[in-house]
Structures are given as C-alpha cells and as structure tokens.
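Visitor: Have a look at this one before I ask anything.
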Amino acid sequence: MAKITGFVTLGFFTAWAILTVLVGLPVLLGLPWLALILVPVFGTLLVAALLIYPKHQVFRFRLTVPSLPAMSHMTALAACDLLFAGLAFYLLLPPDMSPPFLTLIAAFSVALGAGMLGGTPGGVGPFEMAMVSLIPNPDIAPLAAALIAFRLIYYVAPCLIGLGYAAIAPVTAPTIDRHSPRNHAAPRAEHQISAQSQCQNLETSGSSATLLDTPQTLTLFLGATVGSFLPLLQALKKQATRQNRCAALYKITARDAVVARSEGWKVAALAHEAVIRPETYCEKGPKRRQLRRFLRKADKAGLRFERLIDPDWARLAEIHHDWQESHGAERGLTMGRFCPLYLKDKPLFGAFDGDTLIAFASLVEIPGVQSLDVMRHVNNLPTGTMHGLIHHMIYDARRTKIQEFNLAAVPHPQLAQTLRLNTSLTRFKASFGPSWRSLYFAAPNRRSMIVSGLDLWLAITRPRPIPYDTMDAWHIDAMLTGETPTLPEENDLRLTG
Numbered sequence: 056m057a058k059i060t061g062f063v064t065l066g067f068f069t070a071w072a073i074l075t076v077l078v079g080l081p082v083l084l085g086l087p088w089l090a091l092i093l094v095p096v097f098g099t100l101l102v103a104a105l106l107i108y109p110k111h112q113v114f115r116f117r118l119t120v121p122s123l124p125a126m127s128h129m130t131a132l133a134a135c136d137l138l139f140a141g142l143a144f145y146l147l148l149p150p151d152m153s154p155p156f157l158t159l160i161a162a163f164s165v166a167l168g169a170g171m172l173g174g175t176p177g178g179v180g181p182f183e184m185a186m187v188s189l190i191p192n193p194d195i196a197p198l199a200a201a202l203i204a205f206r207l208i209y210y211v212a213p214c215l216i217g218l219g220y221a222a223i224a225p226v227t228a229p230t231i232d233r234h235s236p237r238n239h240a241a242p243r244a245e246h247q248i249s250a251q252s253q254c255q256n257l258e259t260s261g262s263s264a265t266l267l268d269t270p271q272t273l274t275l276f277l278g279a280t281v282g283s284f285l286p287l288l289q290a291l292k293k294q295a296t297r298q299n300r301c302a303a304l305y306k307i308t309a310r311d312a313v314v315a316r317s318e319g320w321k322v323a324a325l326a327h328e329a330v331i332r333p334e335t336y337c338e339k340g341p342k343r344r345q346l347r348r349f350l351r352k353a354d355k356a357g358l359r360f361e362r363l364i365d366p367d368w369a370r371l372a373e374i375h376h377d378w379q380e381s382h383g384a385e386r387g388l389t390m391g392r393f394c395p396l397y398l399k400d401k402p403l404f405g406a407f408d409g410d411t412l413i414a415f416a417s418l419v420e421i422p423g424v425q426s427l428d429v430m431r432h433v434n435n436l437p438t439g440t441m442h443g444l445i446h447h448m449i450y451d452a453r454r455t456k457i458q459e460f461n462l463a464a465v466p467h468p469q470l471a472q473t474l475r476l477n478t479s480l481t482r483f484k485a486s487f488g489p490s491w492r493s494l495y496f497a498a499p500n501r502r503s504m505i506v507s508g509l510d511l512w513l514a515i516t517r518p519r520p521i522p523y524d525t526m527d528a529w530h531i532d533a534m535l536t537g538e539t540p541t542l543p544e545e546n547d548l549r550l551t552g
C-alpha cells in the first residue's frame, strides 16, 4: 500500500509539474503562445524518454517509470483536477475580485505546487500565501472566506465520500500470472522462443495465449495456444487496460488477422515466413539456381555438416562471441538468443571445416514441424557454409518425417521497402525456393499501433537480460567448462541467489 501511495503521489506531482511549467507559467508571464510551442516539444521528448529508458538505476534501487498510457492518464487526470478545482475556487471568489479564468487556473496551479512542496497537511499556509501573492489587489476578507469554503469543498467533502465508499465497497485485487508461458503444447513451434522473455498467460472462455510483457505493451504472441482466437481479443484489451499498457497482436496468421479486423482492430502486414515441405524439397529447379551455386562452393571447400549430439558448449560460445563482434549484439524477445540452457533440449546442427566447428544452427519443434531459430558462425566463413548447413537440416527433416520446415520470418516486402531494411537475409532464405506465408501485426487503434510498434522494436533490438537464478548460473558454468561441480541443494541456492 505504501508503494501504491508513493507511486500515485509521485505520478500526480510529475503531472502537475509538467502542466504548471508548460502551461501555467507562460500564462502568468503573459506569454500564452509559448505554451503552444513548449507542449508539443516537451511532449515528444517525454514520449521518447519513456520509450527508450523505461527503467532507471538510482544507487541500489531499480525504478520503473510509468508506461506511456499511465503517464497520459495521470496527466489528463491532473489537468482535470486542476481545471475543476480551479473552477470551484473561481466560482467562490467575488466577481469584482476574480482575474481572468485562465490566469486564475495558472495561479491556482502554482499555488497548489507551493502547498505540496511546503510539506504542511493539505498545503495549509503555503497555498494561501501563494494565492494572496498571485491574485492582483486582493481584498483579504472575501479572499479568506473563499479559501475556507474551497477547503471544505476540495478536501472535507471528498474525504467523507471516500470514507463512506471504503466502508461499503468490497476489497479486490487483480492477479497477474507472470509464470513461464504454458507453451509446451502450443500449435506453433516458435512459441518456445518466449521462454527467454518476461511473459504473462492470458486465459478466458476455454482459450489461452502467451503475452509478451514489455514496458508499454501487452502483446499476444503468434495466436492462441489453446482454443479459439476470438475470445482472447476482448480479454487482452481488458488486461492491458488494467495494467496501463497498450494491447497488440504480433505475428498472427492471415486467418487471425481477418478475425481481428472484423472486431475493429487495425491490422498491418508485418512479415513473411519462408516455409518448405521437406518431402518435396530438392535443390533442382530454376528457383534454387543460386542455392546450387553456393552448395557447389561449400562442397569444394570440403565442409562437413552433421547433427550435434554432444555439443561442445565452450566452442559454441566462442562462435557466438565471434559472431557478435561482427554483427553486434544479438536481438531478442521474438528471436532466440544463445544460451546453453535454452539450447540444450533443442536440435542442433553444425558445420565443420576439417575437425573445427565453424557454424551452428538450432531448431524449435513440435510434432511434424521444425522452425529455424538461432544461427551463429565465425568470421571469414567459407562461401556456402550456411546454405550447406540449412540444406543438410532440411534433408534431416525429411528423414525424420517432418511435414513442415520453417526458415523463420523476414520483414514483409512493403515494410522492408518503406524502412529501407537490409534484405540479405531475405535473399538467403529465398534461395531455398520456399513458399511464403504472411504474418500480421494488429492493435485496437492507430495510436496503440504506433506506440506498440516502437515498444516492440526497442524490446527486440535492446532485449532485457535473460532472467537467471543462481542454479541456472551454476548449470551454465558447468556446461561451458565441461565440469560437473557438486551443487548445493537447490533450496539453498535460491536463498543465496
């Protein structure tokens, strides 16, 4: 309760400061036009700051700033509070003593801040002194009467109403399920990728889904994990509203996109995923001309491809670090990241130059379907290495009776052209001659679509650290060193971690 009270107080104080500095002070200084410049400029800077820096480290404390919807709501509520409280005070003043309405609201806002900063109960003293100073040529007796009447209306009456409501209203608290998403039986193999991110579970009317939990957005990932898609839409909006987030749908199928559009959601094409049927796949045909050229170069280089049954995790980590040096930090959220604990139960395949592992790729899978996930390689890679590796993985999928091999998604051509994105990954996947399947992004309205899109882009390009506990750290260290240290009891580890 103390945290909630502190958050509300700090939120209102921040909103008051924004309104007073951007609007109140220019009006008092006789420069109301200045507010028309300050509000959009500062608003843009504030939105950028909340998006880019949602968390702050202050000494040993980690602070999470309000989301954009929460900050917007608090600012709007603070503006309404100042406007109606100022209106009440304006109506209580004698007509011959009242300054122009906007000037009074600005003076009231400054005086309210003086009362909050003064530290006295209800701001008694500093608020009154500020009003006497800011109202020109005040008549003290009528002004004092107006201030006393205002105190009764603004403080005493709401207090009595609140006490009555608290006495009769039931006490309820929303519950948020932030456990690992229940994706073991999900209809899409890519649902497993969400295990590396902070997620929530959404359940309603026999349907469930995995929600990606990012600072500004609750995002339904890929579609329903159980049941039908339609009941989840309203449940998602309600849950997002309760948490002051925007609601969004990410990488949903064309069928789900039609359902969302019929419910009034704004839908946009986001990505194309490349799909191959292993039973009909071969390197022949005009669509795979470039693939054959790269396979010949890989064969000429003497490269060998095989499944990694007992991976050398230390070598895989070296390749990963080498890849990061040339490509930059890996992306996350909806893209798998290198982590031995995450990869240990996934199919892994490697490319060897002689006896040296130079590249590897992993898959996520459900019965009958495999999807490409993490791909890493060393610098100065022989030409055709990754083509040969994926080619080998597709033939292995045919051997194990896999019906669908998914090369994963690339940006939709329209999006790539608009944003001028690098299309080298698209050309790489196109060389295998896949069929293309569109995926979509959706939000309840345009504003939510813009905020959610920016939020998800930041979460993908600047992912949060993978959450590890102490036991995880011990296991990773053992996998990378090849040692098996004697581990303390798990309960003891969690207490120390």
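Just so you know, we're using the working numbering here: the sequence shown kicks off at 56 and counts up by one. Glycine included, each C-beta is placed from N, C-alpha and C at the ideal position. Bear in mind the structure is a predicted one, so any value in this text is a computation, not a measurement.
Name, in chain order, the residues that DSSP records as bridge partners for LYS110.
Guide: Looking at the DSSP assignment, LYS110 forms a beta bridge with THR119.
Visitor: Near GLY391, what residues of its chain come up, given a Cβ to Cβ distance below 6 Å and the 5 sequence neighbours on each side ignored?
Guide: ILE248, ASP428, VAL429
Visitor: Give the straight-line distance between the Cα atoms of LEU202 and LEU91, rounded to the nearest whole angstrom.
Guide: 31 Å
Visitor: Please work out which residues of its chain come closer than 6 Å, Cβ to Cβ, to LEU147, disregarding the five sequence neighbours upstream and downstream, and give them in chain order.
Guide: ALA201, ALA204, PHE205
Visitor: Going by the CB atoms, is the gap between CYS301 and ALA498 shorter than 8 Å?
Guide: yes
Visitor: Who are the near neighbours of GLY552 in its chain, counting only those whose CB is closer than 6 Å to its CB and skipping five residues on each side?
Guide: Per-residue confidence for GLY552 stands at a pLDDT of 35, beneath the threshold of 50, marking its modelled position as unreliable; the derived number appears in the next sentence. Answer for GLY552: ASP524, THR525, listed in chain order.
Visitor: Tell me which residues share the same chain as LEU93 and place their Cβ nearer than 6 Å to its Cβ, disregarding the 5 neighbours each side in the sequence.
Guide: LEU77
Visitor: What alpha helix (DSSP H) runs, 4 residues minimum, are completely inside the stretch 451-502?
Guide: Listed in chain order, they are 468-474, 479-485.
Visitor: Can you tell me which residues form a DSSP beta bridge with MET430?
Guide: Looking at the DSSP output, MET430 shares a beta bridge with ALA416.
Visitor: Could you have a look at GLN253 and say whether DSSP puts it in helix, strand or coil?
Guide: In this structure, GLN253 counts as coil in the three-state DSSP scheme.
Visitor: Determine the direct distance from the alpha carbon of GLY383 to that of PRO341, and round the result to whole angstroms.
Guide: PRO341 and GLY383: Cα-Cα distance of roughly 35 Å.
Visitor: Taking only the alpha-carbon atoms, compute the straight-line gap between THR536 and LEU412 and give it to the nearest angstrom.
Guide: 17 Å
Visitor: Near LEU444, what residues of its chain come up, given a Cβ to Cβ distance below 7 Å and the 5 sequence neighbours on each side ignored?
Guide: PHE360, PHE404, ALA406, ALA414, ALA416, listed in sequence order.
Visitor: Enumerate in chain order the residues of its own chain whose CB-to-CB distance from ASP451 is below 6 Å, with the five nearest sequence positions on each side excluded.
Guide: none
Visitor: Leaving out five residues before and five after SER503 in sequence, what residues of the same chain have Cβ atoms less than 6 Å from its Cβ?
Guide: CYS301
Visitor: Evaluate contact between the stretch 64-71 and the stretch 124-133, counting only Cβ atoms and requiring at least three cross-stretch pairs below 8 Å.
Guide: Flag = yes, the stretch 64-71 and the stretch 124-133 touch.
Visitor: Ends of the alpha helix (DSSP H) at LYS321?
Guide: Not the alpha helix (DSSP H): LYS321 falls in the beta strand (DSSP E), residues 321-331.
Visitor: Spatial neighbours of PRO366 within its chain, please: C-beta separation below 7 Å, excluding the five flanking residues on both sides.
Guide: LEU403
Visitor: Look at the Cβ atom of LEU494, then the Cβ atom of GLY439, and state whether they are nearer than 8 Å.
Guide: no
Visitor: Between the Cα of TRP512 and the Cα atoms of ASN434, LEU462, LEU388, which residue gives the shortest distance?
Guide: LEU388
Visitor: Under 8 Å by Cβ, that's how I've got LEU509 and LEU105 pegged, so tell me the actual separation to the nearest angstrom.
Guide: Not quite, the Cβ-Cβ distance comes to about 10 Å (not below 8 Å), so this is no contact.
Visitor: Residues in the same chain with beta-carbon distance under 8 Å from PRO87, minus the five sequence neighbours each way, listed in chain order, please.
Guide: PRO81, LEU157
Visitor: Determine the closest residue to HIS246 out of ARG482, LEU418, PRO520, PHE483, with distance taken between C-alpha atoms.
Guide: LEU418
Visitor: Straight-line CA distance for THR265 to TRP71?
Guide: 37 Å
Visitor: For the stretch 257-305, list the beta strand (DSSP E) runs that are entirely contained and at least 3 residues long, ordered along the chain.
Guide: 262-268, 272-281
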